[in-house]
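Student:
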Amino acid sequence: MTSEQLIEPGYLFSQHSLNTYLRCRRRFLLKYVDRQPWPTPEDEDPWTYQEHLLRGRIFHQWLVRQHLGLDMAPIVAACGDPRLRAWWEAASRFDRDALPSGLREAELPMVVPLGAYRLYARYDYLALDPGGDAVIVDWKTLEHLPSMRTLRERAQTRVYLYTLVAAGHVLTGGVPIQADRSAMLYWFANFP
Numbered sequence: 040m041t042s043e044q045l046i047e048p049g050y051l052f053s054q055h056s057l058n059t060y061l062r063c064r065r066r067f068l069l070k071y072v073d074r075q076p077w078p079t080p081e082d083e084d085p086w087t088y089q090e091h092l093l094r095g096r097i098f099h100q101w102l103v104r105q106h107l108g109l110d111m112a113p114i115v116a117a118c119g120d121p122r123l124r125a126w127w128e129a130a131s132r133f134d135r136d137a138l139p140s141g142l143r144e145a146e147l148p149m150v151v152p153l154g155a156y157r158l159y160a161r162y163d164y165l166a167l168d169p170g171g172d173a174v175i176v177d178w179k180t181l182e183h184l185p186s187m188r189t190l191r192e193r194a195q196t197r198v199y200l201y202t203l204v205a206a207g208h209v210l211t212g213g214v215p216i217q218a219d220r221s222a223m224l225y226w227f228a229n230f231p
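Okay, so the sequence shown: first residue is 40 according to the numbering used here, each after it adds one.
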């Protein structure tokens, strides 16, 4: 690594790090290169923000457990958080049968080379038919619904679709995944 090179070859970029870079290069430098802890967003109450993050993690864990075939009824019934229960009720109405059914995976990580670096994605839910359609589902617990334009242009959409097309053949036994048959579906718990 030269003195001018801030990021070592082999560095693992994610949609989070790239999104940070696109928003603020200085914040990217401090957070990902210099490894400085970054505080809660300035416009957020820190306790409310942390509570929302924890609730979102729990919601994602519940969806993974459901995918694994675990009976979620006792867990949901024991939950005293009305927001989390409302999210779960909305998610239970999501029609997974409408998705491709050849392969379905929850919390699937993918890493692909990107020049001298690597690009990382972790799909909340992936459904695909080898040689057919592929749909990445991303469960969102945002308080506000972003515009379609924002969703199309966000780093997550680009990174996730790119990694799927670049490395999806690993999941299909060698059959390439076509970009024009791949889609990103954002599902919003607060706006099902």
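From the three backbone atoms N, C-alpha and C, an ideal C-beta is built for every residue, glycine too. From a predicted model like this one, the values you see are computed outputs, not experimental measurements.
Could you tell me whether the segment 150–158 touches the segment 173–187, where touching means 3 or more Cβ pairs closer than 8 Å?
Tutor: no
Student: In three-state DSSP terms, what is P152?
Tutor: P152 carries a strand assignment under DSSP once its states are collapsed to helix, strand and coil.
Student: Answer yes or no: do V176 and W127 have a C-beta to C-beta separation smaller than 8 Å?
Tutor: Not a contact, by the Cβ cut-off of 8 Å.
Student: Who pairs with K70 in a beta bridge, going by DSSP?
Tutor: For K70, which the question treats as bridged, DSSP gives no partner whatsoever.
Student: Use the C-beta contact count for T189: other C-beta atoms within 10 angstroms, 16 or more gives buried, fewer gives exposed.
Tutor: exposed
Student: Should R220 and A173 be called a contact, given that it needs their Cβ atoms to be closer than 8 Å?
Tutor: A distance below 8 Å separates the beta carbons of R220 and A173.
Student: Consult DSSP for E146 and reduce its assignment to one of helix, strand or coil.
Tutor: In this structure, E146 counts as strand in the three-state DSSP scheme.
Student: From the DSSP secondary-structure annotation, give me the bridge partner or partners of M223.
Tutor: I175
Student: Throw me the rounded Cβ distance for the L102 and A130 pair, which I believe falls under 8 Å.
Tutor: 6 Å
Student: By DSSP, does A84 sit in helix, in strand, or in coil?
Tutor: Rather than Ala, the amino acid found at residue 84 in this sequence is Asp. In this structure, D84 counts as coil in the three-state DSSP scheme.
Student: If you draw a straight line from the C-alpha of S186 to the C-alpha of Q89, how long is it?
Tutor: 25 Å
Student: Could you name the residues that DSSP lists as bridge partners for S53?
Tutor: Y159
Student: Using the Cα positions of L69 and T59, report the straight-line distance between them to the nearest angstrom.
Tutor: Each residue's CA atom was taken as its position, placing L69 and T59 some 10 Å apart.
Student: Given this structure, state the Cα-to-Cα distance separating R94 from Y71, to the nearest angstrom.
Tutor: 25 Å
Student: Between the alpha carbons of H91 and S56, how many angstroms are there, rounded?
Tutor: In a straight line, the C-alpha of H91 is about 20 Å away from that of S56.
Student: Kindly indicate which three-state DSSP category A228 falls into: helix, strand or coil?
Tutor: coil
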